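S.K.: Dropping a structure here in structure tokens format, bear with me for questions.
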Amino acid sequence: MLLCLNIFTNSFSKGIPQPSCIKSERQALLKIKQQFKHSNMLTDWKAGNEDCCKWVRVFCNTVTGHVTELQLGNSNDTIASSRSKKAGSLKLGGKLSPALLDLKHLSYLDLSNNDFDPTQIPDWFWNLTSHLQYLNISGNQFQGKIPDLLTNQASLVLDLSFNNFIGSLPGISLNVTILDLSNNVLSGSMSQFLCHKKHQMKLEVLNLEGNNLYGEMPDCWEKWRSLVAIELCNNNFSGGIPSSMGALTSLESLHLRNNHLEGEIPDSLTNCTQLLTLDFAANHLSGEIPPWMGERLSKLIIISFQSNRFHGHVPDQICGLSSLQILDLSHNNLSGNIPSCINNLTAMISRKMSYNKISYNTSKGCFFDNMTLMMKGVVLDYSNTLRLIKLVDLSDNNLSGEIPAEMTMLTGLLSLNFSKNHLVGKIPSNIGAIKTLECVDLSENNLSGKIPDSMSELNFLSYLNLSYNNLIGQIPTGTQLQSFSESSFLGTKLYGPPLSTSKTLVPASNIVGEQVDNRTQVDWNFICMEFGFWCGFLCVACPLLFTNSWDECIFTSQPSKFVSDNNIKLCCSFHNLFSLLCGNIMGSLSRHIRQHHYVLLSDLAVLLQLGGIAVYHIALYRFSNSQRVKGSPNSLKVVDNVDDHQCRVQFWILDSGCWTQYVEVSNSLVDKLFIFGSVLINSR
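Count along the sequence shown from 1, then add 4; that gives the number in my numbering.
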């Protein structure tokens with residue numbers, strides 16, 4: 005929540021003649037500077053420069069000369085040079101000086117976004133709230149508990165956000181107008197803060213986002229009728245939405261995102277006719293989406309109900325929201341058809357870009373709204389550019405029927421997401437009329453037919469997902485559609501660029517049988533390579549296992565023909581070469597059928613494997629220290645005088661598939677299976 009408090013914009017020009025500042029206040033400013041570190045922004049705060057009203061970031065009353073404002077914040081709005089390399093040196097550090105209390109007429113103090121020491125704020129500092137009208141210490145590292153915030157002024161704006169304050173919510177006086185305690189470590193319930201008020205509170209903006217508040221939201225909002233905006237996102241609130249919120253007839257923005265709220269939307273919210281933003285996302289709300297929203301809350305600009313448990317139909321009455329720019333009902337249990345009256349959302353028809361921020365007026369100026377939205381497959385926070393977003397997201401529901409042709413009349417739409425539903429029929433032929441579309445996701449439906457030719461006219465399209473549909477035919481040619489990856493068309497029967505082949509399914513994975521979102525794709529490349537390998541293995545193994553003629557070639561019983569190193573390594577090499585060669589040839593053939601330019605890489609891989617195997621067995625032959633002696637027929641063994649430890653190390657390093665050391669080889673089928681099992685492991 006960004007504040008735009010125009011009432012505090014100093015109306016006194018430095019060019020108008022002003023009285024010199026009060027001497028005691030000049031001394032107080034110098035003491036304040038002494039406690040600061042890295043005070044490069046305060047170079048003209050010097051004792052020799054007597055008129056402190058001309059010092060940078062100091063504003064005085066043009067009549068009395070009293071210091072009324074200190075604008076020492078480091079926000080991007082006030083320090084244009086924050087983008088420069090010297091931005092870090094513009095941040096103040098050090099400690100807060102009690103000399104601030106000597107500025108009796110100070111009404112505006114901004115110390116936001118600096119680098120003060122991460123210490124607890126001294127007790128005396130909170131006494132400033134008694135005469136300040138604006139206090140902003142956000143974006144620092146201040147710690148400790150916040151005491152009750154009292155003021156003698158007609159109104160008080162407090163921004164204590166983005167610090168490390170702990171404890172429960174502080175009590176506030178009647179005249180606090182804007183309170184921002186967001187993104188701290190506050191905990192506990194809201195009951196003591198909210199309930200038991202005797203008088204109507206003047207609070208207009210309440211921001212408690214990003215704390216550890218818990219418990220049920222109290223049902224005692226009747227004394228807070230001045231509220232324009234409520235931000236309670238990212239806490240641990242439970243229970244239902246209080247019906248007493250219906251008493252907040254001035255409410256324009258209600259953010260309850262990411263809590264544990266449950267139950268139905270209370271009918272009492274029909275009284276909140278000024279609402280512009282409803283953000284109930286990421287809760288456990290249930291029931292049907294109330295039809296009265298489209299009738300009574302006619303000013304709505306943003307509806308975000310994603311990630312809840314709403315069921316039933318999308319009410320036709322929602323089409324009456326002519327100002328609606330963001331409709332996010334994703335991740336619910338909605339069913340039925342998409343309303344054909346959706347073209348009545350006239351705010352999504354205009355292509356005229358509004359560069360104004362979505363803001364809400366208060367007695368102290370305005371504040372800018374912010375939203376968290378899913379765009380282009382990424383969750384992003386929008387604030388300054390929120391007004392530019394025009395979005396419809398109905399994804400991950402149980403919607404059925406066809407995409408209404410009236411959808412193409414929303415010619416100002418930026419993002420369209422109907423994925424993960426049960427939609428059927430064709431993609432509307434005139435979808436290219438939505439010239440502003442940047443994101444289209446229609447994946448995981450039952451859409452059929454061809455991609456409309458008009459889709460190639462979407463020149464701003466940067467995210468497209470049509471995967472897992474029954475789409476057929478050639479992808480329309482055009483600069484935009486050919487720029488997407490194959491993943492945008494997985495699980496379809498489309499062909500043509502950017503797909504690598506014609507009239508074939510795009511593989512979902514490089515792993516055989518891998519499931520992608522419960523849809524199995526088969527990679528024939530790996531199947532062919534496995535088939536080739538086993539053919540090569542069996543061609544060598546079967547004759548050795550079941551025939552005597554091959555057996556005698558290597559394991560002969562004649563001493564003169566006793567097995568040699570060369571015979572053994574020739575057999576091992578032959579097996580490795582033949583099986584790997586078959587596997588790679590089959591793999592190359594498979595890739596050639598699908599994509600011919602992989603053949604060169606496959607053949608190169610075969611040559612590298614052959615060379616590696618040759619070097620491998622030459623090294624084994626040259627460096628083997630095993631000694632063989634004539635023994636019983638068909639047996640080999642190592643002589644006893646060879647060092648066991650040394651041989652074992654050589655055996656393991658040189659050839660895990662070699663059966664010439666520590667393995668007694670016989671003519672039995674079991675021994676041969678062991679031998680060829682070790683060869684198989686080695687070659688794999």
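We put the beta carbon where it would ideally sit given N, CA and C, even for glycine. Values in this document were obtained by computation on a predicted structure and should not be read as measured data.
DSSP state of Ile435, grouped into three classes?
M.R.: DSSP places Ile435 in helix when its eight states are reduced to three.
S.K.: In angstroms with no decimal places, state the Cα-to-Cα distance between Ser363 and His259.
M.R.: For Ser363 and His259, the distance between alpha carbons rounds to 14 Å.
S.K.: If Ser116 sits next to Ile141, beta carbons under 8 Å apart, how far is it from one beta carbon to the other, in whole angstroms?
M.R.: The pair is a contact, with the Cβ atoms about 7 Å apart (cut-off 8 Å).
S.K.: Could you work out which residue in Leu217, Leu414, Asn336, Phe464 is closest to Leu185 when comparing CA atoms only?
M.R.: Nearest option by C-alpha distance: Leu217.
S.K.: Taking the C-alpha atoms as reference points, what is the distance between Tyr467 and Cys443?
M.R.: Cα-Cα distance, rounded: 5 Å.
S.K.: Please classify Glu461: does DSSP put it in a helix, a strand, or coil?
M.R.: Helix.
S.K.: How many Å lie between Leu255 and Trp228 at the Cα?
M.R.: For Leu255 and Trp228, the distance between alpha carbons rounds to 10 Å.
S.K.: For Ile476, tell me which candidate among Asn263, Gln484, Leu462, Leu494 has the shortest Cα-Cα distance.
M.R.: For the residues Asn263, Gln484, Leu462, Leu494, the minimum Cα distance to Ile476 belongs to Leu494.
S.K.: Specify the secondary structure class of Ser387 as computed by DSSP and reduced to three states.
M.R.: If DSSP states are grouped into helix, strand and coil, Ser387 belongs with coil.
S.K.: Please classify Trp128 as buried or exposed, where buried requires at least 16 neighbouring CB atoms within 10 angstroms.
M.R.: When all chains shown are included, Trp128 counts as exposed.
S.K.: Quick check: what's the CA-CA separation for Ser399 versus Ile307?
M.R.: The straight-line gap from Cα to Cα measures roughly 15 Å.
S.K.: Can you tell me whether His649 is buried or exposed? The criterion is at least 16 other CB atoms within 10 Å of its CB, across all chains shown.
M.R.: Model confidence at His649 stands at a pLDDT of 35, short of 50, so the residue's coordinates are unreliable and nothing is read from them.
S.K.: With Thr476 as the anchor, note down where its alpha helix (DSSP H) starts and where it stops.
M.R.: Residue identity differs from the one stated: residue 476 is Ile in this sequence, not Thr. Ile476 -> not in any alpha helix (DSSP H); beta strand (DSSP E) instead, spanning 474-478.
S.K.: Using the rule of at least 16 other Cβ atoms within 10 Å of the residue's Cβ for burial, across every protein chain shown, is Asp445 buried or exposed?
M.R.: Classification of Asp445: buried, given that the 10 Å Cβ count is 16 or more.
S.K.: Sorted by chain position, which residues of the same chain lie with C-beta nearer than 8 Å to Gly69's C-beta, five sequence neighbours on each side aside?
M.R.: Here the set comprises Gln22, Pro23, Ser24, Cys25, Ile26, Cys57.
S.K.: By alpha-carbon positions, which one of Tyr472, Ile330, Leu403 ends up nearest to Leu420?
M.R.: With distances taken between Cα atoms, Leu420 lies closest to Ile330.
S.K.: If we count Cβ pairs, one from each stretch, closer than 8 Å, do we get three or more for the region 236-247 versus the region 343-355?
M.R.: No, because fewer than three Cβ pairs between the region 236-247 and the region 343-355 fall closer than 8 Å, the two stretches do not touch.
S.K.: Taking Asn347 as the reference, which of Phe309, Ser387, Pro408, Lys303 has the closest Cα?
M.R.: When each option's Cα is compared against that of Asn347, the closest is Pro408.
S.K.: From His691 to Asn263, what does the alpha carbon distance come to, in whole angstroms?
M.R.: What is shown of the chain runs 5 to 688, which leaves residue 691 out entirely.
S.K.: Would you mind reading off the limits of the beta strand (DSSP E) that contains Met379?
M.R.: Note, Met379: beta strand (DSSP E), 375-379.
S.K.: What are the start and end residues of each continuous beta strand (DSSP E) run of 3 or more residues lying completely inside the region 266-305, in chain order?
M.R.: The qualifying runs are 281-283, 288-292.
S.K.: In the DSSP assignment, find the unbroken beta strand (DSSP E) run with Ala233 in it and report its ends.
M.R.: Element bounds for Ala233: 233-235.
S.K.: Excluding five sequence neighbours on each side, which residues of the same chain lie with their C-beta closer than 7 Å to the C-beta of Gln562?
M.R.: Residue confidence is low: Gln562 scores 40 on pLDDT, short of 50, so the model does not pin down where it sits. No coordinate-derived value is stated.
S.K.: Which residues bound the alpha helix (DSSP H) around Arg313?
M.R.: Per DSSP, Arg313 belongs to no alpha helix (DSSP H); it is in the beta strand (DSSP E), 313-317.
S.K.: Among Leu178, Gln278, Met297, which residue has its Cα nearest to the Cα of Leu161?
M.R.: Note that residue 161 is Val in the sequence shown here, rather than Leu. Val161 has its Cα closest to that of Leu178, out of Leu178, Gln278, Met297.
S.K.: Do you know how far the Cα of Thr496 is from the Cα of Asn522?
M.R.: With a pLDDT of only 39 at Asn522, under the threshold of 50, the placement of this residue in the model should not be trusted; the figure read from the coordinates follows. Computed Cα separation, rounded: 15 Å.
S.K.: Helix, strand or coil, according to DSSP, for Glu220 in the structure here?
M.R.: Three-state DSSP puts Glu220 in a strand.
S.K.: Buried or exposed for Pro501, going by 16 or more other Cβ atoms inside 10 Å?
M.R.: Exposed.
S.K.: Start and end of the alpha helix (DSSP H) containing Ile36?
M.R.: Here the alpha helix (DSSP H) through Ile36 covers 27-39.
S.K.: Can you name, in chain order, every residue of its own chain whose Cβ lies under 6 Å from the Cβ of Ser339, other than the five neighbours on each side?
M.R.: Hits under 6 Å: Asn402.
S.K.: Rounded to whole angstroms, what's the CA-CA distance from Ser452 to Leu427? Just pull it up for me.
M.R.: Looking at the two C-alpha atoms, the distance is approximately 10 Å.
S.K.: May I have the straight-line CA-CA distance separating Arg300 from Asn275, to the nearest angstrom?
M.R.: Rounded to whole angstroms, Arg300 to Asn275 spans 8 Å at the Cα level.
S.K.: What whole-angstrom Cβ distance do Asn168 and Gln147 have, given they're in contact under 8 Å?
M.R.: Correct: roughly 5 Å between the Cβ atoms.
S.K.: Measuring straight from C-alpha to C-alpha, what distance separates Glu461 and Met413?
M.R.: Approximately 16 Å between the Cα atoms of the pair.
S.K.: Can you name, in chain order, every residue of its own chain whose Cβ lies under 8 Å from the Cβ of Ser404, other than the five neighbours on each side?
M.R.: These residues qualify, in order along the chain: Ser339, Gly340, Asn341, Asn425, His426, Leu427, Val428.
S.K.: Mapping the DSSP letters down to three states, classify Ile170 as helix, strand or coil.
M.R.: If DSSP states are grouped into helix, strand and coil, Ile170 belongs with the strands.
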